[in-house]
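Quick note on the UniProt record's numbering: the sequence shown kicks off at 1 and runs consecutively.
All residues carry an ideal CB built from backbone N, CA and C; glycine is no exception.
Structure, as structure tokens:
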Amino acid sequence: MSASETEASEYHSKDFNWETLRQEIENDPSLNYHLLPFPSPQQEEHHSRDSIKAWQKFHIQHSSGKFFKERRYLLKEFPELVSCEDGCKVLEVGCGNGSTALPILRGNEKIILYACDCSNETLERAKEFVAASNVISVEHRFHPFYCDFVTTGFPKWLACDYCREMFALKGQNYLSDIREKRTHETDICCVGGVDFITLIFTLSAVPLQTMPTAIRECFSVLKPGGLLLFRDYGLYDMTMLRFKPEQRVRFREYMRSDGTRSYFFCPDNVRNLFICAGFIELEIEYCCVKSVNRRNGKSMQRVWVHAAGNC
């Protein structure tokens with residue numbers, strides 16, 4: 001087994017049982033504040049733009065790209081990205097410095113990847129990161145663009161109004177008839193939607209109250225039969241347990257000192273978001289991985305929620 005394959009297998013292994021971890025956390029008095037109900041806020045939360053500004057500053061501070069490692073496990077976790085047909089379109093939401101985009105481009109030379117982020121500085125780093133990779137025909141297959149998809153939605157060139165209306169009829173018998181009536185003028189006004197959307201450690205950074213809007217927006221640009229591929233922080237992940245009581249902004253939602261947010265999901269959270277947006281659940285589960293910090297020898301228990309939804 002190669003080094004990259006070994007690394008990928010470590011990400012996928014079930015190193016511990018989540019229920020066992022839950023019992024340990026809930027029986028620890030020092031961590032009790034994570035479980036307490038959160039009182040209703042006395043005033044409206046800051047607009048999501050404040051969260052965006054915080055992430056923009058974060059990415060500027062980490063502009064070297066060393067903070068993010070390439071997610072080499074991704075194609076093993078979502079093999080559909082490897083087996084899809086020629087010309088398949090993927091939308092990577094919250095692409096960061098390209099740590100998710102690069103393995104997708106490298107793993108399937110037929111894929112066309114559209115990648116968006118709310119930080120122009122980050123997009124520049126992603127372009128540099130991908131360009132330096134020597135991936136085949138990357139200049140024709142990688143299309144990064146600025147987008148605050150929660151506030152403004154995805155651009156019309158990705159899926160025009162006509163396409164979105166057609167996509168809204170997903171699963172209905174007369175969908176094929178509508179597709180046949182589509183004019184050449186409509187064909188060239190947008191790319192016609194995408195076959196896959198990857199939402200990898202992005203939704204947790206979105207304010208909780210805007211998550212339903214975010215998932216519905218993803219649904220609106222997916223072609224019939226398209227897939228939403230999701231991975232994000234899970235409940236009782238090591239990162240969650242490090243937050244102090246004063247950093248809670250809602251139940252399971254926290255704010256760091258730099259203003260960036262993080263929410264920690266359970267499968268039911270993700271399931272409800274998917275179903276309410278119109279998705280059909282294919283799989284939702286905890287991924288529990290134990291890793292060791294080589295510098296201090298400490299063991300770290302990481303918890304993620306892995307999910308895939310079909311439309």
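In chain order, each beta strand (DSSP E) run of at least 3 residues that lies wholly inside the segment 206–241: 222–233
Three-state secondary structure assigned by DSSP to R256: coil
Rounded Cβ spacing between L228 and I200 (contact assumed at less than 8 angstroms): Actually they do not touch by this definition, with Cβ atoms about 11 angstroms apart.
Cutoff 7 angstroms; reference V82; Cβ partners in own chain excluding five residues on either side: L75, G107 and N108
With 16 other Cβ atoms within 10 Å as the buried cut-off, status of D117: buried
D28 burial status per 10 Å Cβ neighbour count (16 or more: buried): exposed
Endpoints, beta strand (DSSP E) assigned at E281: I280 to V292
Of the residues P79, F264, C190 and M240, the one placed nearest M211, counting alpha carbons only: F264
Residues bridged to R250 (per DSSP): E253
Under the three-state DSSP convention, the category R72 falls into: coil
Rounded straight-line distance, which links the Cα of F251 to that of K181: For K181, the predicted structure reports a pLDDT of 43, less than 50, and the residue's modelled location is therefore unreliable. A value from the coordinates is still provided. So the alpha carbons of these two residues sit roughly 48 angstroms apart.
Best match in C84, R294, C163 and Y73 for proximity to C189 [C-alpha to C-alpha]: C163
At least three beta-carbon pairs within less than 8 angstroms, the segment 201–209 to the segment 261–276: yes
Length of the line joining the Cα atoms of L31 and Q23: 12 angstroms
For R256 and V93, the rounded distance between their alpha carbons: 22 angstroms
Per-residue DSSP class, three states only, for C276: helix
Among K53, L102 and G192, the one whose alpha carbon lies nearest that of E128: L102
Length of the line joining the Cα atoms of L222 and T20: 37 angstroms
N-terminal and C-terminal residue of the alpha helix (DSSP H) that P144 is part of: It is not in any alpha helix (DSSP H) - P144 instead sits in the beta strand (DSSP E) that spans F142 to Y146.
Closest residue to F167 among V150, V194 and T100 (Cα-Cα distance): V194
Supposed contact pair I104 and C84 - C-beta distance, whole angstroms, cut 8 angstroms: No, C84 and I104 are not in contact; Cβ-Cβ is about 10 angstroms, not under 8 angstroms.
From E124, P245, K53 and R72, residue whose alpha carbon lies closest to that of L144: In the sequence on display, residue 144 carries Pro and not Leu. Looking at the Cα atoms, E124 is the closest of the given residues.
Backbone CA spacing between K97 and N269 [nearest angstrom]: What sits at residue 97 in the sequence shown is Asn, not Lys. Roughly 27 angstroms between the two C-alpha positions.
Strand pairing of D117, partner residues [DSSP]: Y146
Among L158, F154, A126 and Y73, the one whose alpha carbon lies nearest that of K89: L158
Helix, strand or coil at F196 [DSSP, three-state]: strand
Backbone CA spacing between G226 and I215 [nearest angstrom]: 14 angstroms
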